[in-house]
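939 is the number of the first residue of the sequence shown in the numbering used here; add one for each residue after it. The beta carbon of each residue, even a glycine, is placed where N, CA and C say it ideally should be. Predicted model only: the values in this text are computed from it and were never measured.
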Amino acid sequence: MIEEMLEKVKDGDRIALAKLITMIEKDEKIRKEVVKKIFACPLKAKIVCFTGPPGVGKSTLIDHVLSILTEEGNKVGVILFDPRSPYTGGSLLGDRIRMQRHATNPNVFIRSLSCADNPEGVSRTVKDIIKVMAFSGMDYIIVETVGTGQIAVEVSYICHTTVLVLMPNMGDDIQMMKAGILETADIYVINKGDLEGAELTEAYLRDNVEKRNGWESPIIRTVGYNRATVLPLAEKIKEHIKRESYRYHQKIKCLLTTMFLDCVSNEALKFLKNDWKEFEEMIKNVEECKIDYYTATEKFFEKFKKEVLSK
Ligand SMILES: Nc1nc2c(ncn2[C@@H]2O[C@H](COP(=O)(O)OP(=O)(O)O)[C@@H](O)[C@H]2O)c(=O)[nH]1
Ligand SMILES: [Mg+2]
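This is the structure in structure tokens:
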């Protein structure tokens, strides 16, 4: 059954793609099966992350970028986060409305994701869903995240290009964003150029952002209501993707290692919690301050080697 669905997805069947993503979100077994099957397929999709605080105009800009890319004949997938999540604060409806005119475009596929149930698992789910979307033949995949949380940083690791969207009169607010996202961004956008105070945000960026790998991250000013101002942004995104393709391979190598280690530690913890009673007790002892966590770790390995590995 999965094989049949994958065939359809590969042929560009959007209903099958939507169904498969829902299945992946809900069922870990299916997710693993799917990833195992498509892992080796070469994927051409370029992944672009739009991040930034709520309300700066990310969805508005993505809407224009969608038009620009699809007019050039590209297929584009979009991933948005669900409002129930504590990370996004409820902007999904607005996101959908802003991209409504693309709803009937056969070259656009918009998908929202929930991270309400399992925030730790989200970044892994997103990575797998990106893979499935790419498998369906997308040329670009755009992910919108709120640049104040851990998910934003993690998603940016898997993207070719990260666009950080800000607005006028920001300075201290930028500092409050999750550490890392300011440095990870490849392109900075100051949207709402119709409002005053863009210089303040730009000055803050110029003072705090360094040149990385010879790429001087551009600062682009846009007005969300004016498509012409978004054209240079779309050009910069393409330029960056082209320039960074070698480095992206390196990035992906690191990512795959991280994914593997992440899976191993997940499974190891599950195994220990379910199959090794003493582990529960060790956790309790640490919780109740009966033992410090360094000593507890040493004791854990002593026991683990004796009781589990030597069997
Ligand atoms: N004044 C002004 N408002 C904008 C601009 N771009 C977007 N907006 C408005 O800002 C609000 C938030 O936009 P949205 O794209 O949903 O922001 P997001 O939360 O970052 O995705 C909406 O009401 C938009 O219409 C702009 O360039 N200038
Ligand atoms: Mg939005």
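Residue from M943, K975, K974, P980 with nearest C-alpha to T960 = M943
Are there 16 or more other CB atoms within 10 angstroms of the CB of T1235, so buried, or fewer, so exposed?
-> exposed
Secondary structure at C1227, three-state DSSP: helix, strand or coil?
-> coil
Per-residue burial, I1067 [other beta carbons within 10 Å of its own, 16 or more giving buried] = buried
Who are T1100's beta bridge partners in DSSP?
-> C987
How would you call V1202, buried or exposed, if buried means at least 16 neighbouring beta carbons within 10 angstroms?
-> exposed
Whole-number beta carbon distance between Y1095 and L1193, since they are thought to touch under 8 Å | 6 Å
For L1007, does the three-state DSSP call read helix, strand or coil?
-> helix
Do you know offhand how far F1209's Cα is from E1216's?
-> 12 Å
Measuring CB to CB, does D1200 end up less than 8 Å from R1036?
-> no
How would you label T1026, buried or exposed, when you count the other beta carbons within 10 angstroms and need 16 or more for buried?
-> Annotation note: pLDDT 46 at T1026 (below 50); position unreliable, coordinate value reported separately. Buried.
Per DSSP, what kind of secondary structure is L1210 in: helix, strand or coil?
-> helix
Heavy atom of ligand 1 less than 7 Å from the Cβ of Y1078, yes or no?
-> no
Counting Cβ pairs, one atom from each stretch, are 3 or more of them under 8 Å apart for the segment 985-997 and the segment 1150-1158?
-> no
Sorry if obvious, but does the Cβ on T998 come closer than 7 Å to a heavy atom of ligand 1?
-> yes
Would you mind working out which of L958, A1072, T1233, S1248 sits nearest V1014, comparing C-alpha positions?
-> A1072
At a cut-off of 7 Å, is E1226 close to ligand 2 when judged by its beta-carbon and the heavy atoms of the ligand?
-> no
Just the Cα atoms here: how many angstroms apart are T1122 and T1100?
-> 7 Å
I940 classed as buried or exposed, judged by whether at least 16 other C-beta atoms fall within 10 angstroms = exposed
Use the C-beta contact count for F1239: other C-beta atoms within 10 angstroms, 16 or more gives buried, fewer gives exposed.
-> exposed
So, helix, strand or coil for L1171, using DSSP?
-> helix
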